[in-house]
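One structure is given here, and the rest of the page talks about it.
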Amino acid sequence: MASETPFLRAILPSLPSDFAKKVRALCASTSESTAEHILDTLIRFISGAECAPSATVNVQSQWTEKQQAAATILNGMVKGRSKSETKRPREDDISSDEQAAKRQRSLVEAPAASSTSTSQELLQDPLFTVHSVSATSPVRKKVDITIHKTSLALTHPSTHAVEAVILLSTFSRAFLLPTRGKQKAHWTIVLLTSDTSETRKPQNGSTTSNTQVIFGIDAIALVSSTKYEGTNPIRSAGQKGAATRPTLLEFLSQLSIPIIEPTPNVFKSACVGITSGVSANEDGVPGIEAYRGAKLGSLWFTEKGILWGESKPCEFWALEDLIGKSEGIRVIGGDNEDVGEDEEDMGVETEFGMVDSKEKPGIEGWMRKFRGSFGKKTGKSEDFEMDTDEELDGSEESSSEESDDEGENDGSGEEREGSDEEGEDDGENEDEEELTEEHHPLLRPGAMPRRMNRAVIDMVVGMVEDEMLGTPNEQDPSSDGEDGEGEEEELEEDELDD
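Residue numbers are given in numbering that gives the first Met the number 0: position 70 of the sequence shown equals residue 69, and the series is strictly consecutive.
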């Protein structure tokens, strides 16, 4: 074997013996080691290695582009193979189709061999790439993350094999978090396609998989990135000792979705020290440590809502999804605090335990600051409140008028100017119509005004007594006397008219 073919010579001892003999025979049968050079170049190509220096200019110019396309196809063929083909199936195993679906649910159909054309379309028009970052979801390894025109792709840094592809249209929120518990300042980026996690599926029957992209990078590091402008990629290797936050913000800005970054001016943890680690945010840690069941994680308090976890699965509660002002969040006192959050749809309560009691004032302060936004949907809640206030105020005014009319009919109230007996009788009939269940707001099911004056209370008590005793209210002597005085005044007015 020639010394110019190191890749072929390196793998020959690892090949099956019969196959290795055939390769040696093939190399020996050609003059000038032509087959040997071809095989070595092929091994370089499919392994992700650089092009050989002795290759032609045409091969070198197309090497990288063609190598990435081949890696995508081969990776799809390998991942599309079911594990059930290589081991004996058990009776209680689920079908191979279901297994394949579970393995592939973090991937868009792109890597499959049957959808190579779709893969190439999704990986066109790159916009921005962050190189060699540590990802924890949907894969757990170092990857290059590239934002394309319609997708986000995670690829292997050296082989360029596609690990996962997610459509940009599925992302809803992006978070830039100062990672807790690190000895060095560190950022964690979380991209969510849904606020709910896989353990708390939405109640609308949707079956769309909840893909979460989570990766991290040191706050001070040499971060390599590539920005694509037209056909000329501009690669930046970064500077030693430079902050990585500007690069991360530029990366997230390509997604065209809300970027939420917890800040200490919204919430600041009261616990600092070894457990909280070194924060990338120098002004303080805008989150607390808590347990959800037996799992340790972080609760991040932002002006848009609360995020659980910087590791998978993450879950977000927006302010408008919390139930009302009183039940959205409850802090239960004790040596350790429990923070409970309710979901509006089904009223499901999520409990977080083992929260340090020092965090209670900060949590309560955040609740007071944003409680007015709990459960409020944009453009609906304010109109509803205005209508409710008007209806209640109107009911109070109508109730006051009715009580005045009733007082005049009994002779205990002030007289209306220009009214006569016939007018009073008409007023009584109108009152009787308004007191029906269809017209009177106080008689509607569940109706309760915010404020009731004494006259309204007396009227309601009298109605209840009449209903229970079955007899009309008896007029007391004082009211009879007042009626007599009213009649005498009317007679005097008639005499003056004559």
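No residue lacks a Cβ here, since even glycine has one placed at the ideal position from N, Cα and C.
Delimiting residues of the beta strand (DSSP E) encompassing G296: K294 to F300
Residues that DSSP places opposite P515 in a beta bridge: Lying outside 0 to 497, the shown extent of the chain, residue 515 is not represented and no answer is given.
As assigned by DSSP and simplified to three states, the class of G139: Note on identity: in this sequence residue 139 is Arg, with Gly being the wrong assignment. R139 falls in the coil class under three-state DSSP.
CA-to-CA distance, E35 to Q61, given in whole angstroms: Approximately 21 angstroms, taken between the alpha carbons.
Cβ neighbours of P257 in the same chain (closer than 6 angstroms, five flanking residues each side left out): The beta carbon of P257 sits closer than 6 angstroms to the beta carbons of R172 from its chain, once the five residues preceding and following it are set aside; these are given in chain order.
Bridge partner(s) assigned by DSSP for E358: DSSP output for E358 lists no bridge partner at all.
Through-space distance from S310 to P360, alpha-carbon basis: 26 angstroms
Identity of the residues DSSP links to E314 by a beta bridge: Bridge partners of E314 according to DSSP: W307.
Nearest residue (CA-CA) to V354, options E348, G461, A269 and D457: A269
Distance, A289 Cα to L295 Cα: 6 angstroms
Beta-carbon separation (whole angstroms), I188 vs L167, contact threshold 8 angstroms: The Cβ separation is near 15 angstroms, so there is no contact.
Identified DSSP bridge partners for I287: L298
Cα-Cα separation between A317 and G461, rounded to whole angstroms: 48 angstroms
beta-carbon F44 near the ligand FAD non-hydrogen atom, thresh 7 angstroms: As far as ligands go, the structure on display features none, and thus does not contain the ligand FAD.
Distance between beta carbons of G283 and K267, contact taken as under 8 angstroms: 4 angstroms
Spatial distance of R23 from D194 (CA atoms): 58 angstroms
Through-space distance from S157 to S53, alpha-carbon basis: 21 angstroms
Beta-carbon proximity check, W186 vs L247, cutoff 8 angstroms: Contact flag set, yes.
Cross-strand partners of F174 (DSSP beta bridge): V189 and I259
Neighbourhood of A69 by C-beta, 8 angstroms cutoff - its chain only, sequence neighbours within 5 removed: Taken in chain order, the residues that qualify are F44 and I45.
Buried/exposed call for V77, threshold 16 Cβ in 10 Å: exposed
Exposure label - S278; buried when at least 16 CB within 10 Å: buried
Selected residue, minimal CA-CA separation from S297, among I219, V129, P177 and P263: P177
Beta-carbon proximity of F127 to E249, cut-off 8 angstroms: yes
Closest by C-alpha distance to L251, when choosing among T154, S136, V212 and E162: V212
Which residues DSSP lists as bridging G237, in chain order: Its beta-bridge partners do not exist; DSSP assigns none.
Top-ranked residue by Cα proximity to I370, from E302, F315, S356 and C313: First, the residue type needs correcting, since residue 370 is Arg and not Ile in the sequence shown. The shortest Cα separation from R370 among E302, F315, S356 and C313 belongs to E302.
For H36, three-class secondary structure by DSSP: helix
Identity of the residues DSSP links to S133 by a beta bridge: K141 and G215
Alpha-carbon to alpha-carbon, R8 and M182: Per the sequence shown, residue 182 should be read as Gln rather than Met. Going from the Cα of Q182 to the Cα of R8 covers about 45 angstroms.
D465 burial status per 10 Å Cβ neighbour count (16 or more: buried): exposed
Close-in-space but distant-in-sequence residues of the same chain around R234 (CB under 6 angstroms, 5 per side omitted): T225
Separation of T262 from P137, as counted between CA atoms: 27 angstroms
Secondary structure of L167, DSSP reduced to three states: helix
Three-way DSSP call (helix, strand, coil) for I146 in this model: strand
Cβ neighbour criterion (16 or more within 10 Å) applied to A241: exposed
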